[in-house]
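I have placed the structure first, in the form of structure tokens, so that the comments after it can refer back to it.
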Amino acid sequence: MKHRGRHRRRRRGRALRAALAGTALALTAAATMISASQATNAADPGALKPLTASAETTPLRLTEHDVPRDALDRLSDAMGRPVGVGDVLADPDGSLRDAEDCTADDRRPLPVEPAATRAYCWPGADTDGWRPGAVTTSGDADDDGRWGEHRVILSGWSQAGTTAEGGLARVAFVDAGDPDRLGYTWVLLTVPVDEGRGYRGLGSAVSGMVWYQDKLLVTAGRGEAGALYVYDVDRVQRATVDGPSVGRVPGGWSAGGARYVLPAVASYRANGAGAPLPGGISLDRSTAPDSLVAHEATPADGDGPTRLWRYDFSADPARAGLLDTDPVAHAHAVAAYETELTDVRSVLSYRSGWYLGRVTGTPDERGTLWRQDTDGARPTRCGADETHRCWSGRATSLSYWQETGELWSQSGRMLFALPLASVDRSLD
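Going left to right, the sequence shown walks through residues -1 to 426 as my numbering numbers them.
This is the structure we're talking about:
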């Protein structure tokens, strides 16, 4: 049986490579036909500019706001004992399909160069009306790449058209232990209200997400006043009523169709003048201590520059997964930069380089991926072609799984990975 399983995985691996290669060839051909006015020699953004003046770094300061422990306990007393990640994974809602079983339209958002080496698509019936967002993994949560015995991917989604007045955000907990079968379970992101007597949905797109130790940090946009919300993955609650409502309902608790609820335990907010809205975020394990990096969310018609910055995580065991703060609960940026790149949609910092995914047209067009530092900038390029537009235009997240060397992202209905080393090799 072990031999047959190994051969089946080999056949599936060959089929996956063939499917992705076919898609990459087709998209490469399309990329070479992009008009010169759109293409290639995008302006060189040059080197990152360090921001060091107090007037430049003070607006990046965050204030930590905890949800009172009494409110969280009141909610769990009413809903029942919280469950952990393993319980959620053991109760799946569905499974993803391997790339070779996905449609050509599903595979269209995949990057051309460097090409994905692993890719899966979400079922349309379970994601229609929802917009994909950020990705993080158990490779962020723990440096051994596992949460307990599990390999896990968290995939954020928000209802299309989510605004301050409505819309929901949810996270798929994906069991990635078997690469041939990725099951997932939906968990609704919520915020406790009325001192823990209820909760509301998080009304924001999930543009950034980092799972670090037992905390999940999620960026929330204008609808949530630009907050960074904090969730405890050991505080997942079970919904008891299946329905479209959110919160306490006759007969129990409802989660907008999901069977699990994750209530926020804290938030961070920037209150000063000139404070940027956070866009994408990611974890950097190459710093000491580990740090959270972010890029500024800018309007599509903005002309730059775009700010990038980082915060240290706390080394205090009593503050596992939280940012390092001063005695008055302020988290200060420990490094900040400006980039001339506009339309930045994803960020990753590793060692001395900042990897920035950029939209170069409409979301249906291909984007660019740059590596920038204080010495200069280089884009990935489409093989021998002159165009740099070979990344996914829709990708809004970059997450580095250090244990495997893989870079994970999500675009359209595709969840995909590729070696970070292949990005470095394809830099122009």
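Positions of the beta carbon are idealized from the N, C-alpha and C atoms, including for glycine.
| Query | Result |
| --- | --- |
| C-alpha gap between Gly374 and Glu338, whole angstroms | 11 Å |
| Member of Tyr227, Asp192, Leu186 whose CA lies at the smallest distance from the CA of Gly206 | Tyr227 |
| Cα-Cα separation, Asp232 to Pro261 | 11 Å |
| Contacts around Leu322, its chain only, beta-carbon distance under 6 Å, and the 5 residues preceding and following it disregarded | Here the sequence assigns Asp to residue 322, which means Leu is not the residue at that position. Correct list, in chain order: Asp310, Ser312. |
| Inter-stretch contact at 8 Å, needing at least 3 Cβ pairs: the stretch 126 to 142 / the stretch 201 to 218 | yes |
| For Val172, the nearest candidate out of Arg423, Cys119, Gly391 (CA to CA) | Cys119 |
| For Val204, the three-state DSSP class (helix, strand or coil) | coil |
| Span of the alpha helix (DSSP H), counted from its first residue to its last, around Ala123 | 122 to 125 |
| Ala97 to Gly255 span [Cα, whole Å] | 27 Å |
| Endpoints, alpha helix (DSSP H) assigned at Ser84 | The identity of residue 84 in the sequence shown is Gly, whereas the question assumes Ser. From DSSP, the alpha helix (DSSP H) with Gly84 extends over 83 to 87. |
| Simplified DSSP state of Arg67, which is helix, strand or coil | helix |
| Best match in Arg67, Leu306, Ala88, Gly250 for proximity to Ala45 [C-alpha to C-alpha] | Leu306 |
| Cβ distance (whole Å) where Lys429 is taken to contact Glu404 below 8 Å | The chain is shown only over -1 to 426; residue 429 falls outside these bounds and no answer can be derived. |
| Of the residues Ala333, Asp124, Ala102, the one placed nearest Ala51, counting alpha carbons only | Ala333 |
| Boundaries (first-last residue) of the alpha helix (DSSP H) holding Val421 | 418 to 423 |
| Pairwise C-alpha distance: Gln370 and Gly201 | 33 Å |
| Sequence-distant residues of the same chain with beta carbon closer than 8 Å to Asn269, five excluded per side | Thr61 |
| Residues near Ser284 in its chain [Cβ-Cβ closer than 6 Å; skip 5 each side] | Tyr348, Arg349 |
| Cα-Cα separation, Glu401 to Gly249 | 45 Å |
| Simplified DSSP assignment, three categories, for Gly245 | strand |
| Residues that DSSP places opposite Met412 in a beta bridge | Cys119, Ser409 |
| Neighbour-count burial assignment, Arg364, 16 or more Cβ in a 10 Å radius | buried |
| Span separating the alpha-carbon of Gly194 from that of Pro66 | 9 Å |
| Cα-Cα separation, Arg411 to Val191 | 33 Å |
| CA-to-CA distance, Gly278 to Val110, given in whole angstroms | 22 Å |
| Proximity below 9 Å, CB of Ala184 to CB of Arg257 | Sequence inspection shows Trp at residue 184; the Ala mentioned does not correspond to that position. Yes. |
| Whole-Å CB distance - Val234 paired with Val81, under 8 Å assumed | 5 Å |
| Proximity to Ala225 [Cα-Cα], best of Thr101, Ala264, Thr372 | Ala264 |
| Closest residue to Pro177 among Leu425, Ser424, Gly245, Arg95 (Cα-Cα distance) | Arg95 |
| Under 9 Å between C-beta atoms of Leu396 and Gly359 | no |
| Asp138 burial status per 10 Å Cβ neighbour count (16 or more: buried) | buried |
| Counterpart residues of Gln235 in DSSP-defined beta bridges | Val259 |
| Assigned exposure category for His63 - 16 Cβ within 10 Å defines buried | exposed |
| Cβ neighbour criterion (16 or more within 10 Å) applied to Asp230 | buried |
| Where Thr372 falls, given that 16 or more other Cβ within 10 Å makes a residue buried | exposed |
| Inter-residue spacing [alpha-carbon to alpha-carbon] between Ala286 and Pro43 | 28 Å |
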